[in-house]
Amino acid sequence: DSGVTQTPKHLITATGQRVTLRCSPRSGDLSVYWYQQSLDQGLQFLIQYYNGEERAKGNILERFSAQQFPDLHSELNLSSLELGDSALYFCASSLQDRPTGELFFGEGSRLTVL
Amino acid sequence: GQQLNQSPQSMFIQEGEDVSMNCTSSSIFNTWLWYKQDPGEGPVLLIALYKAGELTSNGRLTAQFGITRKDSFLNISASIPSDVGIYFCAGQMYVNNDMRFGAGTRLTVKP
Numbered sequence: 507d508s509g510v511t512q513t514p515k516h517l518i519t520a521t522g523q524r525v526t527l528r529c530s531p532r533s534g535d536l537s538v539y540w541y542q543q544s545l546d547q548g549l550q551f552l553i554q555y556y557n558g559e560e561r562a563k564g565n566i567l568e569r570f571s572a573q574q575f576p577d578l579h580s581e582l583n584l585s586s587l588e589l590g591d592s593a594l595y596f597c598a599s600s601l602q603d604r605p606t607g608e609l610f611f612g613e614g615s616r617l618t619v620l
Numbered sequence: 035g036q037q038l039n040q041s042p043q044s045m046f047i048q049e050g051e052d053v054s055m056n057c058t059s060s061s062i063f064n065t066w067l068w069y070k071q072d073p074g075e076g077p078v079l080l081i082a083l084y085k086a087g088e089l090t091s092n093g094r095l096t097a098q099f100g101i102t103r104k105d106s107f108l109n110i111s112a113s114i115p116s117d118v119g120i121y122f123c124a125g126q127m128y129v130n131n132d133m134r135f136g137a138g139t140r141l142t143v144k145p
C-alpha cells in the first residue's frame with residue numbers, strides 16, 4: 507500500500523461527458539502528479555501541483571484540468587470525453603516540490619469511454 | 035520534450051535467465067529511476083540513481099546511471115516468475131519539476 511488513494515477505481519461513461527478523478531496523496535506529501543497510461547503505453551505526464559499551486563505541465567489536453575485543494579487532495583477533470591481518452595489515470599505524490607527521488611503511485615482510475 | 039527511449043518493448047525468458055533492459059535519451063537527466071508495475075497496480079520504485087556512473091544493486095537487480103547522463107540500464111539476474119510485470123525507466127531534470135517515463139519493458143518469465 508503506497509498510501510496514495512485514488513477514486514473511483516473504475517469508471518464507464520459516454521463520449522461528450524465529463525468526469526472527475528480524485529486523489530489523496532500520502533500523508534505529509536505536498537506534491538501531486540497526474541499521469542495517463544493508455545493500453546500498452548507508457549506513463550504520459552499530465553500535470554503537477556505542489557502545495558496547491560501548479561508547478562509543471564506535460565501533455566495535458568485543454569479539455570482536461572486539475573487542481574489541488576488546501577487539504578492537498580487533487581482532482582483531475584476530464585471533459586468532452588472522446589473514445590481515445592480511455593486509459594488508466596494514475597496519481598502519484600512526493601514530499602518535495604522537485605521529485606528528487608521516489609514517486610508514490612496510487613492504484614489508478616480506469617476510465618472507459620464508450 | 036525529453037523523450038525516453040526504452041528497449042526492448044517486451045521480453046519472454048525462461049526462469050533462471052538473466053535480463054537486461056535499457057533507456058536512452060537525447061537529453062541529460064540528473065536522476066534515473068527504475069519502476070515496476072504489476073498487473074492492476076501502480077508503479078513501484080525499484081532503484082534510484084543520482085550520480086553519473088553510479089552502479090546500484092537491490093537484491094537480484096542492478097542498475098547503472100550512464101556516464102553521459104543520457105542513459106541507464108537495469109539487469110535482473112536469475113529471474114523468477116514473480117519478476118513478471120512492466121518495467122519503466124524514469125528520468126528527472128532539475129530544470130523541470132516533472133518526471134518522464136519510458137514506454138516500458140513487458141517481461142514474461144516462463145517457469
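If you're matching them up, the sequences are chains A and B in order. If you're matching positions, the first sequence starts at 507 in the working numbering and goes up one per residue. If you're matching positions, the second sequence starts at 35 in the working numbering and goes up one per residue. For every residue, glycine included, the Cβ atom is placed at its ideal position computed from N, Cα and C.
inquiry  = Once DSSP output is grouped into helix, strand and coil, what is the label at G119 (chain B)?
reply    = By one-based count along the second sequence, residue 119 (chain B) stands at place 85. Strand at G119 (chain B).
Does the CB of G558 (chain A) have a neighbour CB from chain B at under 8 Å? Start at 1 with the first residue of the first sequence, and residue 558 (chain A) comes out as number 52. By this cut-off, G558 (chain A) is not an interface position.
Segment limits, beta strand (DSSP E) that includes Q573 (chain A) | Taking the first residue of the first sequence as 1, we reach residue 573 (chain A) at position 67. Looking at the DSSP string, the run of the beta strand (DSSP E) that includes Q573 (chain A) is F570 to Q574.
- Along the beta strand (DSSP E) that carries I553 (chain A), what are the first and last residues, could you check? The sequence position of residue 553 (chain A) within the first sequence is 47, counting from 1. The continuous beta strand (DSSP E) containing I553 (chain A) extends over residues L549 to Y556.
Could you tell me which residues DSSP pairs with H516 (chain A) in its beta bridges?
-> Here residue 516 (chain A) corresponds to residue number 10 of the first sequence, with the count starting at 1. Per DSSP, A:R616.
### Query
Near T142 (chain B), what residues of its chain come up, given a Cβ to Cβ distance below 8 Å and the 5 sequence neighbours on each side ignored?
Taking the second sequence and counting its residues from 1, the one referred to as residue 142 (chain B) is at position 108. Excluding residues within five positions, the ones whose Cβ falls inside 8 Å are S44, M45, F46, I47 and V118.
Nearest-angstrom Cα separation, counted from S116 (chain B) out to G35 (chain B)
Position 1 of the second sequence, counted from the start, is the residue given in the question as residue 35 (chain B). Position 82 of the second sequence, counted from the start, is the residue given in the question as residue 116 (chain B). Residue placement at G35 (chain B) cannot be trusted, given a pLDDT of 47 that sits under 50; what the coordinates show is reported in the next sentence. About 34 Å.
Next item on the list: Report the three-state DSSP secondary structure of L584 (chain A) (helix, strand or coil).
Entry: In the first sequence, the residue the question calls residue 584 (chain A) occupies position 78. Three-state result, L584 (chain A): strand.
Per-residue DSSP class, three states only, for D146 (chain B): There is no way to answer for residue 146 (chain B), as the model of chain B reaches only from 35 to 145.
### Cβ-Cβ separation, Q40 (chain B) to A137 (chain B) (assumed contact under 8 Å), whole Å
On the second sequence, position 103 is the one that residue 137 (chain B) refers to. On the second sequence, position 6 is the one that residue 40 (chain B) refers to. Yes, A137 (chain B) and Q40 (chain B) are in contact; Cβ-Cβ is about 5 Å, under 8 Å.
**Message:** Is there a Cβ of chain B sitting closer than 8 Å to that of G509 (chain A), yes or no?
**Reply:** Working through the first sequence from its first residue, we reach residue 509 (chain A) at position 3. Closer than 8 Å: no.
- So, is I553 (chain A) buried or exposed, given that buried needs 16 or more other C-beta atoms within 10 angstroms? Counting from one through the first sequence, the residue named residue 553 (chain A) turns up at place 47. Under this definition I553 (chain A) is a buried residue.
By DSSP, does L589 (chain A) sit in helix, in strand, or in coil? Translated into positions along the first sequence, residue 589 (chain A) becomes position 83. Helix at L589 (chain A).
* Using a Cβ-Cβ cut-off of 6 Å (strictly less than) and excluding sequence neighbours within five positions of L601 (chain A), which residues of its own chain qualify? -> Position 95 of the first sequence holds residue 601 (chain A). Excluding residues within five positions, the ones whose Cβ falls inside 6 Å are D535.
Are S508 (chain A) and F611 (chain A) close, meaning C-beta to C-beta below 8 Å?
The sequence position of residue 508 (chain A) within the first sequence is 2, counting from 1. The sequence position of residue 611 (chain A) within the first sequence is 105, counting from 1. In this structure, F611 (chain A) lies closer than 8 Å to S508 (chain A) by Cβ.
- Query: So, is P514 (chain A) buried or exposed, given that buried needs 16 or more other C-beta atoms within 10 angstroms?
  - Reply: To locate residue 514 (chain A), count along the first sequence from 1; it is residue 8. By the neighbour-count rule (16 or more Cβ atoms within 10 Å), P514 (chain A) is not buried but exposed.
Chain-ordered chain A contacts of F135 (chain B) [CB-CB under 7 Å]:
In the second sequence, residue 135 (chain B) corresponds to position 101, counting from 1. Going along chain A in sequence order, the residues near F135 (chain B) (Cβ under 7 Å) are G548 and L549.
Looking at the secondary structure, which residues open and close the beta strand (DSSP E) in which S530 (chain A) lies?
In the first sequence, the residue the question calls residue 530 (chain A) occupies position 24. Going by DSSP, S530 (chain A) is part of the beta strand (DSSP E) stretching over V525 to S530.
- Message: So if I threshold CB-CB distances at 7 Å, which residues from the region 582 to 597 of chain A count as touching chain B?
- Response: F596
Residue-level contact to chain E via CB, F611 (chain A), 8 Å cutoff: Here chain E cannot be found, since the structure's protein chains are A and B.
**OP:** State the DSSP-derived secondary structure class of G35 (chain B), mapped to helix, strand or coil.
**Re:** By one-based count along the second sequence, residue 35 (chain B) stands at place 1. Any reading at G35 (chain B) needs caution, since the residue's pLDDT is 47, under 50, leaving its predicted position unreliable; the model's value is listed next. Residue state, collapsed to three classes: coil.
Notebook entry, point to check: Around the C-beta of N557 (chain A), are 16 or more other C-beta atoms found within 10 angstroms, so that it is buried, or is it exposed?
Noted result: Here residue 557 (chain A) refers to the residue found at position 51 of the first sequence. By the neighbour-count rule (16 or more Cβ atoms within 10 Å), N557 (chain A) is not buried but exposed.
What would DSSP say about Q602 (chain A), mapped onto helix, strand or coil? Reading the first sequence from its first residue, position 96 is the one you call residue 602 (chain A). In the three-state scheme derived from DSSP, where H, G and I count as helix and E and B as strand, Q602 (chain A) is classed as coil.
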